[in-house]
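There are 2 protein chains.
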Amino acid sequence: MGLAKTEIFTDRQNQIALFAKAFGHPARVAILQHLFKINACICGDLVDEIGLAQPTISQHLKELKQLGLIKGNVEGTSVCYCIDNESWTGMKETMLEFLNQDISKKEDCC
Amino acid sequence: MGLAKTEIFTDRQNQIALFAKAFGHPARVAILQHLFKINACICGDLVDEIGLAQPTISQHLKELKQLGLIKGNVEGTSVCYCIDNESWTGMKETMLEFLNQDISKKEDCC
DNA sequence: TTGTTATATTGCAATATTACGATTAATAAT
DNA sequence: ATTATTAATCGTAATATTGCAATATAACAA
Chain G
1018 MGLAKTEIFT
1028 DRQNQIALFA
1038 KAFGHPARVA
1048 ILQHLFKINA
1058 CICGDLVDEI
1068 GLAQPTISQH
1078 LKELKQLGLI
1088 KGNVEGTSVC
1098 YCIDNESWTG
1108 MKETMLEFLN
1118 QDISKKEDCC
Chain E
1018 MGLAKTEIFT
1028 DRQNQIALFA
1038 KAFGHPARVA
1048 ILQHLFKINA
1058 CICGDLVDEI
1068 GLAQPTISQH
1078 LKELKQLGLI
1088 KGNVEGTSVC
1098 YCIDNESWTG
1108 MKETMLEFLN
1118 QDISKKEDCC
């Protein structure tokens, strides 16, 4: 199939999976790290910074933008991409709740 | 391609991506949540709990096991799967560092 | 041994993802 | 107007992922 059966899971489970999927490629991890480091960025920088072709970077940026984690403002011929901090905070809450399931948990069972 | 160019990224970036990828499917999210809830589990439970066929669950369990996040002990005809808490803690550190990049950051740039 | 139960593995079809060359669109500079 | 620059989009090849039926394996029960 290649198609996840999202209908049988909760919205929350699907949302966690969607966020995680966005971080599931090192290029997108690197893009986000760079955006945090620079705190303002144009796409050309990213093509130089990360060693992938321009259309590939553009595609990764699109995915992050669709999720709402980054936003882009057109500035002349270039586009200024940056983190959407509000959205990042929201995502973090969801992911932290998932990651912190282990607190209040005893030792391994087996 | 369909093949990520891992060579051009740092080990850390690749590791974040690997962990995230594991959480990038709602079935694996649901499996982990269930294991935390029950704190001891046999696979049959999971097939009932989650609405996927037995081979599919088995495959998802294998991926989580390969990453080290869960471990399975054979008990008679069934297998007792549970969270590997030590491994989970290690994963959490890595992911938290990534997710918390936003602290010590100013407002949006654009 | 024969059957039963529980899980893993294999094989495969459907779909998704990754990457990039070629092209396009939009603005800026001359 | 022409040309350069930047980034998005299109098309496509290679590979990965998801899901399941069929089958295999392993442990136990009778």
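Residue numbers (our numbering), protein chains in the order written: chain G, 1018 to 1127; chain E, 1018 to 1127. Cβ coordinates follow ideal geometry from the N, Cα and C atoms, glycine included. What you are looking at is a predicted structure, and each value in this text was computed from that prediction instead of being measured.
Chain-ordered neighbours of residue i on chain G, where CB pairs are closer than 7 Å
{"i": "residue 1043 (chain E)", "result": "1021, 1023, 1026, 1030, 1031, 1034"}
{"i": "residue 1082 (chain E)", "result": "Those within 7 Å of residue 1082 (chain E) in chain G number zero; the least Cβ separation is about 13 Å."}
{"i": "residue 1086 (chain E)", "result": "The contacting residues do not exist; residue 1086 (chain E) stays about 11 Å from chain G at best."}
Helix, strand or coil at residue i according to DSSP, with G and I counted as helix
{"i": "residue 1121 (chain G)", "result": "coil"}
{"i": "residue 1088 (chain G)", "result": "strand"}
{"i": "residue 1033 (chain G)", "result": "helix"}
{"i": "residue 1067 (chain E)", "result": "coil"}
Chain G contact residues for residue i, given Cβ-Cβ distances below 9 Å
{"i": "residue 1094 (chain E)", "result": "Simply none; closest approach about 15 Å."}
{"i": "residue 1064 (chain E)", "result": "In chain order: nothing, as chain G lies at least about 12 Å away."}
Proximal residues of chain E, C-beta to C-beta of residue i below 7 Å
{"i": "residue 1037 (chain G)", "result": "1037, 1040, 1041"}
{"i": "residue 1068 (chain G)", "result": "1025"}
Under 9 Å from the C-beta of residue i: neighbouring residues of chain E
{"i": "residue 1119 (chain G)", "result": "1053, 1100, 1102, 1105, 1106, 1109"}
{"i": "residue 1078 (chain G)", "result": "Simply none; closest approach about 14 Å."}
{"i": "residue 1071 (chain G)", "result": "Result: empty, since nearest Cβ-Cβ is about 15 Å, beyond 9 Å."}
Proximity to residue i [Cα-Cα], best of the options
{"i": "residue 1093 (chain E)", "options": "E:1103, E:1101, E:1113, E:1059", "result": "E:1059"}
{"i": "residue 1085 (chain E)", "options": "E:1068, E:1066, E:1109", "result": "E:1109"}
{"i": "residue 1052 (chain E)", "options": "E:1018, E:1029, E:1089", "result": "E:1089"}
{"i": "residue 1066 (chain E)", "options": "G:1116, G:1067, G:1025, G:1120", "result": "G:1025"}
{"i": "residue 1041 (chain G)", "options": "E:1096, E:1097, E:1038", "result": "E:1038"}
{"i": "residue 1096 (chain E)", "options": "E:1078, E:1104, E:1030, E:1028", "result": "E:1078"}
{"i": "residue 1020 (chain E)", "options": "G:1073, G:1027, G:1063, G:1021", "result": "G:1073"}
{"i": "residue 1032 (chain G)", "options": "G:1112, G:1075, G:1044", "result": "G:1112"}
{"i": "residue 1043 (chain G)", "options": "G:1023, G:1030, G:1069", "result": "G:1069"}
{"i": "residue 1116 (chain G)", "options": "E:1107, E:1076, E:1071", "result": "E:1107"}
{"i": "residue 1105 (chain G)", "options": "G:1075, G:1036, G:1027, G:1091", "result": "G:1036"}
{"i": "residue 1102 (chain G)", "options": "E:1022, E:1118, E:1075, E:1054", "result": "E:1118"}
{"i": "residue 1121 (chain E)", "options": "G:1083, G:1028, G:1054", "result": "G:1054"}
Cβ-heavy atom distance, residue i to the ligand COA, below 6 Å
{"i": "residue 1069 (chain G)", "result": "Summarising the ligand content, the structure contains no ligands, and the ligand COA is consequently not present."}
Buried or exposed (CB count within 10 angstroms, at least 16 for buried), residue i
{"i": "residue 1100 (chain G)", "result": "buried"}
{"i": "residue 1087 (chain E)", "result": "buried"}
{"i": "residue 1071 (chain G)", "result": "exposed"}
{"i": "residue 1030 (chain G)", "result": "buried"}
**Prompt:** Using 8 Å as the Cβ pair cut-off and three pairs as the minimum, do the region 1050-1065 of chain G and the region 1035-1052 of chain E touch?
**Reply:** no
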